[in-house]
Amino acid sequence: MLETITSYVAIGDSFSEGLMDPDPDGTPDRFRGWTDRLAELLVDSPAGGPELLYANFAIRGRLLQGVIDEQVPKVLDLKPDLVSFCAGGNDCLRPRTDIDGLANQFERAVIAMRDEGIEVVMANGFDTETMSPLLRAVRPRVGVYNAHLWTIAQRHGCHMVDVWGLRPLYAEDMWAEDKIHLSPDGHDLVARQALATLESGHSLPTTGFGMPPRTTRAIRDVVVEESKWAREHLAPWVGRRLRGQSSGDLLSPKVPDLSPVRKIAVDDEVDVTAAAHEPGFSGGDPSDGEGSGSAVAAGERTGVDVETAQLISDDGRVAVDGRRIVKEDEDE
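So the sequence shown is residues 37 to 368, counted in my numbering.
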């Protein structure tokens, strides 16, 4: 077990900002997430205590370099006992990302924090195989990145939360409507796995070998659903990317200073379905997923053109429920 944690800082992107887990106080576009939940759990844990201080610098849409440039220096200034460092998933969405180079960037940041005596807890990327049929093309890149992360964790004495292998996390109710971010239940599961990892003092093996059963749907229903997803969740991201914008532009960290941890009562839990329809609620976009890929269906079957598909997909092809809608990338 770690020595008592008196201060904890979370850095990263939308995964650590907590998207799709609405804040219990009802503040529009503010989220709770697994990092807030972990801080709450640490207050009552032998690994932490009631005097725990917490800050969260994570901002949705951030690439790894942005996290390193904007957030890591703040961690080095504060020198907390613990930092959760989860980043690089948005980079993995980009087909031309150098995954080996990305891992080298991540490791340099880890070394800087470990040299200051800061304990580092990491989480690897989601297994996109069970997500939307249009979110699978990135899986090989995430797998390679995860292999690097495991090596980095072992080499530098970091704690690893294995979300790739956390099979209960891939039940349908663990995911938000956008199929990219976790639901409140998903965030809660990750927080509890992170706490167990910290309390045990090492990276825990995850249990189970098979994925939770998924609802069987007709191909026609899958195509209709994916078309709706592309219009509502993909198109805004593509537009921002073409304009060089991010969903996190102009946003500030939600907990910018080390502060006492809020204690959330059970009665304060938020119904995410109701909250998602409140004015000002923003569910984020495909670039905000942590290791969650975004392959886009090509052609009229999903209403997304080939140029859009090529922004994300490696080969211009997309699998839909085991079949392939093929439209080859002319540049490949």
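A virtual CB, placed ideally from N, CA and C, is assigned to each residue, including glycine.
Cβ-based burial, residue i [other Cβ within 10 Å; buried from 16]
i, result
"residue 264", "exposed"
"residue 52", "buried"
"residue 19", "This structure cannot settle anything about residue 19, because the visible part of the chain is limited to 37 through 368."
"residue 295", "exposed"
"residue 229", "buried"
"residue 76", "buried"
"residue 9", "Residue 9 is absent from the model: the chain starts at 37 and stops at 368."
"residue 232", "exposed"
"residue 177", "buried"
"residue 219", "buried"
"residue 140", "exposed"
"residue 132", "exposed"
"residue 85", "exposed"
"residue 237", "exposed"
"residue 144", "exposed"
"residue 137", "exposed"
"residue 183", "exposed"
"residue 163", "buried"
C-alpha distance - residue i paired with residue j, whole-angstrom precision
i, j, result
"residue 173", "residue 107", "29 angstroms"
"residue 223", "residue 255", "30 angstroms"
"residue 186", "residue 180", "10 angstroms"
"residue 117", "residue 142", "19 angstroms"
"residue 388", "residue 193", "In this structure the chain extends from 37 to 368, so residue 388 is not present and cannot be described."
"residue 216", "residue 171", "9 angstroms"
"residue 78", "residue 49", "21 angstroms"
"residue 319", "residue 299", "Any answer about residue 319 is weak, because its pLDDT of 43 lies below 50 and its placement is not dependable; what the coordinates show is given next. Going from the Cα of residue 319 to the Cα of residue 299 covers about 24 angstroms."
"residue 39", "residue 113", "21 angstroms"
"residue 155", "residue 72", "18 angstroms"
"residue 205", "residue 221", "9 angstroms"
"residue 267", "residue 212", "16 angstroms"
"residue 115", "residue 152", "7 angstroms"
"residue 110", "residue 260", "45 angstroms"
"residue 82", "residue 235", "8 angstroms"
"residue 127", "residue 47", "16 angstroms"
"residue 130", "residue 146", "23 angstroms"
"residue 69", "residue 199", "15 angstroms"
"residue 148", "residue 195", "16 angstroms"
"residue 134", "residue 197", "24 angstroms"
Pick from the options that is closest to residue i, judged by C-alpha positions
i, options, result
"residue 293", "64, 59 and 94", "94"
"residue 120", "99, 92, 287 and 127", "92"
"residue 63", "221, 175 and 290", "290"
"residue 125", "146, 109, 103 and 145", "103"
"residue 203", "60, 165, 61 and 89", "165"
"residue 88", "130, 81 and 43", "43"
"residue 226", "66, 122 and 61", "122"
"residue 190", "65, 90, 60 and 159", "159"
Endpoints, the alpha helix (DSSP H) within which residue i is located
i, result
"residue 188", "175 to 192"
"residue 155", "Element bounds for residue 155: not the alpha helix (DSSP H) but the beta strand (DSSP E), 155 to 159."
Residue range of the beta strand (DSSP E) that includes residue i
i, result
"residue 217", "Neither: residue 217 is in no beta strand (DSSP E) and is coded neither H nor E."
"residue 43", "43 to 48"
"residue 171", "Taken as a continuous stretch (DSSP letters only), residue 171 belongs to no beta strand (DSSP E), as it is neither H nor E."
"residue 296", "291 to 296"
"residue 196", "195 to 197"
Closer than 7 angstroms: residue i CB and nearest the ligand GDP heavy atom
i, result
"residue 299", "Among the components of this structure there are no ligands whatsoever, and the ligand GDP is therefore not found."
Legend entry - Sequence ranges, alpha helix (DSSP H) only - wholly within the segment 76 to 115, length at least 4: 100 to 106 and 108 to 114
Inset, instruction - Run through the segment 112 to 149 for me and flag every whole alpha helix (DSSP H) of 4 or more residues, listed as ranges in chain order. - result: 125 to 128
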